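With this note's numbering, letter number 102 in the sequence shown gets 236, and the count goes up by one each step, no holes. Right, one structure below, let's go through it.
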Amino acid sequence: MTETPALPTVWRPRTTRIVAYTTAGVILLGLIALAVVVPDQYKLPDRVLMVGFGALVAWILHMLARCRVAADEAGVTVVNAFRTRRLEWPQILDVTMNVGDPWPTLDLSDGTSIGAMGINGAEKTLAARQLAELQALLQARGETPDPV
C-alpha cells in the first residue's frame, strides 16, 4: 500500500508541461521571426496577426500545460485545461484509471464524474505513483472507509 503523502500536495504531468511549453516557445518565436523577415508586401496588420496567432497557440498550449490536481486538508482542486473545480473530500467517492486511459476519473457523490488531467496516463510510472497517492488520501479522508 502506498504511504499517504503529506498535505498540501500537487500532482502534475512532467512530459506534457515540457512539450507544451517548448512547442509554445518555438511557435511564438518562429512567428515573431517570420513577422520580421516577410517581404514588404505584408503590412503591419498582417505581421501583427502572425504574432497574435502565435500568442493564441502559445496560450492554448499553456492551458494544457497548467493542468494539475492539488490536495489539501479541505479537499481537492482539479485544474483541467479550461475548467477548475474545487471538491471537498466527501464529494469524491472513487478515483480510477484503467490501462490506456489518458487520465484518471473521479467519481463524485452527485452521480457525475470528472477527468483529472493533472495525472497523465502516458507517464506510466509517475501516473501510477500519483494515482496511488491520491487513492491513499481519498481512503484516509473520504466520507466512509472501504470495507475490509
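No residue lacks a Cβ here, since even glycine has one placed at the ideal position from N, Cα and C. Note that the structure is a prediction, hence the values are computed from the model and not measured.
Can you give me the start and stop residues for the alpha helix (DSSP H) that residue i sits inside?
i, result
"E137", "Where E137 is concerned, there is no enclosing alpha helix (DSSP H), given that its DSSP letter is neither H nor E."
"I161", "148-171"
"G209", "Premise fails: G209 lies in the beta strand (DSSP E), 209-213, not in any alpha helix (DSSP H)."
Measuring straight from C-alpha to C-alpha, what distance separates residue i and residue j?
i, j, result
"I161", "S243", "42 angstroms"
"L141", "Q264", "14 angstroms"
"T150", "N232", "20 angstroms"
"G245", "I226", "10 angstroms"
For residue i, which residues does DSSP report across the bridge?
i, result
"G245", "Per DSSP, none; premise fails for G245."
"V203", "W145, V212"
Report the residue from the options whose alpha carbon sits nearest the alpha carbon of residue i.
i, options, result
"V144", "V153, L195, T246, A205", "A205"
"P238", "R220, R202, V191", "R202"
"G276", "P224, A262, P236", "P224"
Fully enclosed by the segment 220-277, which alpha helix (DSSP H) runs are 4 residues long or longer? For the segment 220-277, whole alpha helix (DSSP H) runs of length 4 or above, ordered along the chain, are 258-275.
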